[in-house]
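Working notes for the structure below.
Protein chains: 4
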Amino acid sequence: MSSVFESFLSTPEALDAFGERHFVGAMLRFEAALARAQASSALIPQDAARCIIDCCTIDRFDVAGLVAGSGRAGSLAIPLVKSLRQVVRAESQHAAGFVHLGATSQDVIDTALALVLQHALGAFRADVHRAAQALLVLAQRHAADPMLARTLMQPASVTSFGLKCAAWGAPLVRGLQRLQTRALPALSVQLGGAVGTLAQMAGQGPKIRAAMAVDLGLNDPGCSWHTQRDDWAALACEVGVLVGSLGKIAKDISLMSQFEVSELAEPAEEGRGGSSAMPHKRNPVACMTALAAAQRAPHRVAAILAAMPQEHERALGNWQAELAEWPGLMMSAQGAARAMGLALQGLQVDARRMLANVESVRAVLPADAAKEWFDVAFSTLASEQARAMVVSQTAALAALASA
Amino acid sequence: MSSVFESFLSTPEALDAFGERHFVGAMLRFEAALARAQASSALIPQDAARCIIDCCTIDRFDVAGLVAGSGRAGSLAIPLVKSLRQVVRAESQHAAGFVHLGATSQDVIDTALALVLQHALGAFRADVHRAAQALLVLAQRHAADPMLARTLMQPASVTSFGLKCAAWGAPLVRGLQRLQTRALPALSVQLGGAVGTLAQMAGQGPKIRAAMAVDLGLNDPGCSWHTQRDDWAALACEVGVLVGSLGKIAKDISLMSQFEVSELAEPAEEGRGGSSAMPHKRNPVACMTALAAAQRAPHRVAAILAAMPQEHERALGNWQAELAEWPGLMMSAQGAARAMGLALQGLQVDARRMLANVESVRAVLPADAAKEWFDVAFSTLASEQARAMVVSQTAALAALASA
Amino acid sequence: MSSVFESFLSTPEALDAFGERHFVGAMLRFEAALARAQASSALIPQDAARCIIDCCTIDRFDVAGLVAGSGRAGSLAIPLVKSLRQVVRAESQHAAGFVHLGATSQDVIDTALALVLQHALGAFRADVHRAAQALLVLAQRHAADPMLARTLMQPASVTSFGLKCAAWGAPLVRGLQRLQTRALPALSVQLGGAVGTLAQMAGQGPKIRAAMAVDLGLNDPGCSWHTQRDDWAALACEVGVLVGSLGKIAKDISLMSQFEVSELAEPAEEGRGGSSAMPHKRNPVACMTALAAAQRAPHRVAAILAAMPQEHERALGNWQAELAEWPGLMMSAQGAARAMGLALQGLQVDARRMLANVESVRAVLPADAAKEWFDVAFSTLASEQARAMVVSQTAALAALASA
Amino acid sequence: MSSVFESFLSTPEALDAFGERHFVGAMLRFEAALARAQASSALIPQDAARCIIDCCTIDRFDVAGLVAGSGRAGSLAIPLVKSLRQVVRAESQHAAGFVHLGATSQDVIDTALALVLQHALGAFRADVHRAAQALLVLAQRHAADPMLARTLMQPASVTSFGLKCAAWGAPLVRGLQRLQTRALPALSVQLGGAVGTLAQMAGQGPKIRAAMAVDLGLNDPGCSWHTQRDDWAALACEVGVLVGSLGKIAKDISLMSQFEVSELAEPAEEGRGGSSAMPHKRNPVACMTALAAAQRAPHRVAAILAAMPQEHERALGNWQAELAEWPGLMMSAQGAARAMGLALQGLQVDARRMLANVESVRAVLPADAAKEWFDVAFSTLASEQARAMVVSQTAALAALASA
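Just so you know, the protein sequences line up as chains A, B, C and D, in that order.
First residue of the first sequence? That's 11 in my numbering, and the numbers climb one at a time after it.
First residue of the second sequence? That's 11 in my numbering, and the numbers climb one at a time after it.
First residue of the third sequence? That's 11 in my numbering, and the numbers climb one at a time after it.
First residue of the fourth sequence? That's 11 in my numbering, and the numbers climb one at a time after it.
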């Protein structure tokens, strides 16, 4: 659905991550983990749990049918739980009574989305990391290459391309750091039962939630977060900020790739960036992808923030609206990170043209202005800063990787 | 993709309308209409046109493969045109040279989206119309039923439920009128060729565009609108306004359906609005759908508006971002209109409870305030206004239907 | 307040239009018109009305005090009405009892905002008109001047600068047409009384509203629109669309004004576009203003749309939020229209450089691609289209002016 | 400007913080700190620095005139620096040459905004802290008071009001923690000179920036962040998240304050929440303020995120747009925090009505559903969770206060 427009702005992995099959699989992981934890706490019998866990296999379910059924039910959880009970009942009438015990629709859906997001964020972070490392290489290599610094879209003075690359990279490194901090509390298991009190779990609720968190590799939030979406929304914000930083790089590359500027070009590759009408063109399609993401992500973030005043113990409309914004946000983000990672790794840099552009400006200025603002010696200062930033970013990336 | 969250907030028809198959079908309609019009203008041979038109059949194409290929190409048009040339070439080497002649990717994609939108808008308007007519019935039936008027979420005075319904309906009727006005110029054929000048059509461009408009049932805009998206964005705005008006109705119904208020209830129906945990609950899922749409649509509209400053003769990122916002907007809109149409047709109204709620407030007020503000006689005034509004709205809907 | 950042992105007139004094003046116009209409309908005595009308003079009120008092009261209307009653009471105890009779806070505030918007829209339309006419002159003058057509930020083929100007102008002309259509129903008097039923006006309500509409030069909506904001929101949308169209022009001009492109320059003017550090720079500050507006307006529109689901007969938070978005929207819009009107009137066009840029691209292409895509003869086709568009836009502007 | 609508949605302090006088004062603090640091680094003479520092006194400047002049100049910095040079020159021709040495407009404006934000955030955090502490008191006091838990706007089961309060408070505490983390890097001195390289500071740039950071109480970012706004945007996001959490509380309180529910009421206070027409009404105006903020803040955040792809070394339009969004965001946020802090401190809680509402639902249910879902014993479970949350939140607030 809508894949016509999303697919070339995202990645196959992202499309798959938010696909029906992957999401229903995550819901089944929740149900299995719930049964396992409830058996450990002696809330349900071990054999019933084993039976439920065995049934939580995606191939036993009609995924398309479940999704189709969700329209009438108002939620995907209702047909899934119903279907799981039937599958379990076919194995054991006894075990069927323990399916989804004490849990609610939102528990399984929020947790499944946390699992899917964890997966998607992993891929996103890897792509951002690749982009950041490519920038470090460029920053080092071109630290001393002078180029025009431009303000308000006009040449202003001289900088170095290495410093430009280091400045592009800094927000990616900081973004990865912030993302690491924010992902931890946000990717939490959801378990509150009908109204957030776990009243149907005989006092074992908190213990069960903690066990599920370990089992699923998610955080234990210590309480239900059904209508307290702040950590969750803060994570969306960080993704949005990183998309903005990728968009900044894409904006600059697209400007520097203009024919009249010709300082940069995206890597040439068979079948990429062609035109249906003009075979001579090479379009900066990686920048296009990142710029499109940077256009769209802020609106996804805004929608997630706007949905925060969720009524009482489960919202009417706000919760459902918020959930539906996540796939679009993450698909845009992954599209942007993948595109820029690849583009930066193969970026074609014309340092001679950069210098020539500086000279062109200098040539038309009065001598004193030329001397004051377009002396290429300024690039040595920039070069030092670029090298210092490379050192600190390299250290920061290493720290992230080892964390 | 992302259907997990969208499918229960939209309609099967809307999901289908923006599906890959339907969109590629619309692209093929464009290519066929182009060939037909170019043959009529003697720009290409009649037999070549006939061959191209015959080949523009969806079953000849690997839709999923085309979509997958669009990622690398940066646009769905490039693999489609390539694929169409191959299909035609298998029939006639001669004809293959005339495929997509003088057109560009954006021509086929914008026109295909206009066709898909025309289809989706038809369904949306029918649902809004149904909601408006259901409100007229309710407004007439309950014109004289007194109820609390509430301001800032507190009882303020007395109105009639009929007037409330007439007031809910008025923006739907106006919205249908505005939509009719706005859809006409917005649903335009796109034909500009590589850069909007139709330079590759031997001076026949404007004539060909006019013929295609008639053929496809779209407007002839008189020029290319590649990067002039104002009419198009204005249409998105009208859809957004209508979703807001549906959301207003849903907000009020959800408040009036609270247990403590109990003036209204959504129609009871097997399998709708149930809870996975609490079988006694009946959730207002139609309101949920419309409220979720009203949460999300403004951000879609904002994204479309924000994408308007499109660079030069074809934008880098802005155009692609804008396109990708449309399916989400229309799917939300259709979900809201369908849900509210059905809910309003079967709305359960408890006029006695409405009156009892008025009496409850009056009972606790000082006598003079009770007399000044909670005299049920006020509802006769409201009743007159409701009836007058029913008359004018009925006339307006009839005029729309006959237009 | 916040004028530090708004003032150079707007116009002095717009800042003034939404200033406290102007708004309180509009509120007093409402109160005077109400008294006048109620006297005509014999709802209040003529002498009381005359006294009230005389008192509705801005100089009798402590504007800053009223605004300061609105914080505690939750609305500016409450302190104003209280203050007006005091002023009238000082003249006539008898007349004071007829102040604001049967009206509610929202009546005076919505109507006052409609009056202020009417004023602001007049200035905005005049500036857009000026920009559109400047573009007609440019389109005519440069109809046959060839220039690069650029797609995805890369040279694609040849067009004419005249066609570019005509294409920039078309959305302004259409926007003025749409604005005219939308302003009429949106700029309506608000009169509903406490809950929209005009129950406190002895059956004279509709007649009084109609008289006030004539008096104030606003539309009579035929009912109260307290929580039915569709026409109002649709007007905001049109303003947003026009800002997007202005932003498109600014985007292109800023790209064409880059040093390396040098096809255009904003008019040079003492004290405009200077740099605090680099005296040699000339910054395109008109484009900056329009681009900033195009960045911001979509979010104002989204906020207005998102506020549409207003609860019952007066919303809690939504209404107040919506009102507060209007000044920002209109100030941005005016800033953009004024800046682009002036910039386009004095735009410096270097047609020789445009041609030289075409030649530069042609020079580096293979001969066949150069012939197929960069033949300057293409500009004659563009020239014809430009001239045809000038004719139709001239006619459309004339029709608007005489309407 | 626009204060008519903002003033009752914000606080006098916030209006003042973003006022012209306060902002120009912050700009002068930057210029003084720059001179002081440059003298310490021997870049400028000590006596010149002393003269400049002495002149950086707000009373020597025509604030309104500077703001008015910013329109033509395209930035407030240009007229301010010019005016400062004049003031200094009147004292010492020699010193005037050292004003604003090597700095650029964006340095002074960004730093001044950071100073103003630091001030505004202090007030915001204090108000959020007050709200959080009021919730701890309520959570403790009402830990064992049973009330309806409501999902999808329908009664679902039983919880305790204490748990509800603890759940409201948790995001405020987390928000204060996140804000503390995010404010540190975001509130950075800006010093990059014309193009971010500090080329005009004889290699002393980094040292000067570090000294200014200490002087002004801001962070030293280690480089210029002219067009790298990620930490800055991340701070805006956190403010937006906190406003969403305040909006959630306001949403619930407004629902629980409905006449038909009557579980809560905002504190009664002379002159607050009255109605111009209906003296018997008591409107929840604190909730109104927070809900309006929660409606508006997401759009401000989106605008700030959307402005991130800032061109090259200084953006055209994006930067200016971003700056102008901050005052609105912070004024909304402060309005919401102040309103909710006061409302929660004086919140009127009717625990008997809460219990009666539970009983009303239980009375109409089948016995088994009543037993399974509406047993008030469930509230003891909720009570335990509430008390545990009070303990952890108290500790967290204490840690924040001592940090």
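Glycine included, C-beta positions come from ideal geometry on N, C-alpha and C.
In this text, all values refer to a predicted model and were calculated from it rather than measured experimentally.
Item                                                                                                                                   : Value
Simplified DSSP state of alanine 52 (chain B), which is helix, strand or coil                                                          : coil
Residue range of the beta strand (DSSP E) that includes proline 156 (chain B)                                                          : 156 to 161
Collapsed DSSP secondary structure at valine 168 (chain D) in the structure displayed                                                  : strand
Under 8 Å between C-beta atoms of alanine 24 (chain C) and methionine 340 (chain C)                                                    : yes
Exposure of proline 376 (chain A), with buried meaning 16 or more beta-carbon neighbours within 10 Å                                   : exposed
Neighbourhood of alanine 302 (chain B) by C-beta distance below 6 Å, restricted to the same chain and skipping five residues each side : Leu19
In chain order, each alpha helix (DSSP H) run of at least 4 residues that lies wholly inside the region 226 to 289 of chain B          : 240 to 266
Neighbouring residues, chain A, relative to cysteine 297 (chain D) (Cβ below 8 Å)                                                      : The contacting residues do not exist; cysteine 297 (chain D) stays about 10 Å from chain A at best.
contact_flag[the region 71 to 88 of chain A, the region 124 to 135 of chain A] where n(CB pairs < 8 Å) is 3 or more                    : no
Simplified DSSP state of cysteine 61 (chain B), which is helix, strand or coil                                                         : helix
Coarse secondary structure for methionine 11 (chain A), derived from DSSP in three states                                              : Any reading at methionine 11 (chain A) must be qualified, since the residue scores a pLDDT of 44, below 50, and its modelled position is unreliable; the value itself is stated next. Note: methionine 11 (chain A) maps to coil in three-state DSSP.
Amino acids of chain A, ordered along the chain, whose beta-carbon sits closer than 9 Å to that of leucine 145 (chain B)               : Under the 9 Å cutoff, chain A gives no residues; its nearest Cβ is about 20 Å from leucine 145 (chain B).
Beta-carbon proximity list for methionine 11 (chain C), same chain, < 7 Å, skipping 5 on both sides                                    : Confidence is the limiting factor: at methionine 11 (chain C) the pLDDT is only 44, short of 50, which leaves the residue's position unreliable, though a coordinate-based value still follows. Once the five neighbours on either side are set aside, methionine 11 (chain C) has no close Cβ partner at all.
Integer-rounded CB distance, given that glutamine 358 (chain C) should sit under 8 Å from alanine 176 (chain C)                        : Not a contact, Cβ separation roughly 19 Å.
Neighbour list for leucine 333 (chain D) in chain C, Cβ cutoff strictly below 7 Å                                                      : Phe15
Counterpart residues of serine 198 (chain B) in DSSP-defined beta bridges                                                              : B:Asn229
Min CB distance phenylalanine 269 (chain C) to chain A below 8 Å                                                                       : yes
For glycine 250 (chain B) and serine 170 (chain B), the rounded distance between their alpha carbons                                   : 28 Å
Cα-Cα separation, serine 85 (chain B) to serine 115 (chain B)                                                                          : 8 Å
Min CB distance serine 342 (chain D) to chain B below 8 Å                                                                              : no
Residue range of the unbroken alpha helix (DSSP H) whose run includes arginine 310 (chain A)                                           : 295 to 316
Cβ-based neighbour list, histidine 104 (chain C), same chain, cut-off 7 Å, excluding 5 preceding and 5 following                       : Ala58
Sequence-distant residues of its chain with Cβ nearer than 6 Å to glutamine 355 (chain B) (five each side left out)                    : Ala144
Partner residues on chain A for proline 156 (chain D), Cβ-Cβ distance less than 8 Å                                                    : Correct list: empty, because the minimum Cβ distance to chain A is about 11 Å.
Assigned secondary structure, arginine 292 (chain B) (DSSP; H/G/I helix, E/B strand, else coil)                                        : coil
Beta-carbon separation (whole angstroms), glutamine 187 (chain C) vs alanine 347 (chain C), contact threshold 8 Å                      : The Cβ separation is near 16 Å, so there is no contact.
Three-way DSSP call (helix, strand, coil) for valine 374 (chain D) in this model                                                       : coil
Exposure label - valine 401 (chain D); buried when at least 16 CB within 10 Å                                                          : exposed
Residue interval of the alpha helix (DSSP H) (run including arginine 151 (chain B))                                                    : 115 to 151
Closer than 8 Å to chain B by CB, glutamine 150 (chain A)                                                                              : no
Any C-beta of chain B under 8 Å from that of alanine 24 (chain C)                                                                      : no
Limits of the unbroken alpha helix (DSSP H) element including threonine 21 (chain B)                                                   : Looking at the DSSP string, threonine 21 (chain B) is not in any alpha helix (DSSP H), and its letter there is neither H nor E.
Short CB-CB distance (under 8 Å) between asparagine 328 (chain C) and chain A                                                          : no
Euclidean distance between Cα positions of valine 183 (chain C) and alanine 316 (chain D)                                              : 28 Å
Phenylalanine 15 (chain D) versus C:Ala52, C:Leu123, C:Met364 and C:Arg70, residue with shortest Cα-Cα distance                        : C:Leu123
Option nearest leucine 111 (chain D) by Cα separation, candidates D:Glu273, D:Ala361 and D:Arg46                                       : D:Arg46
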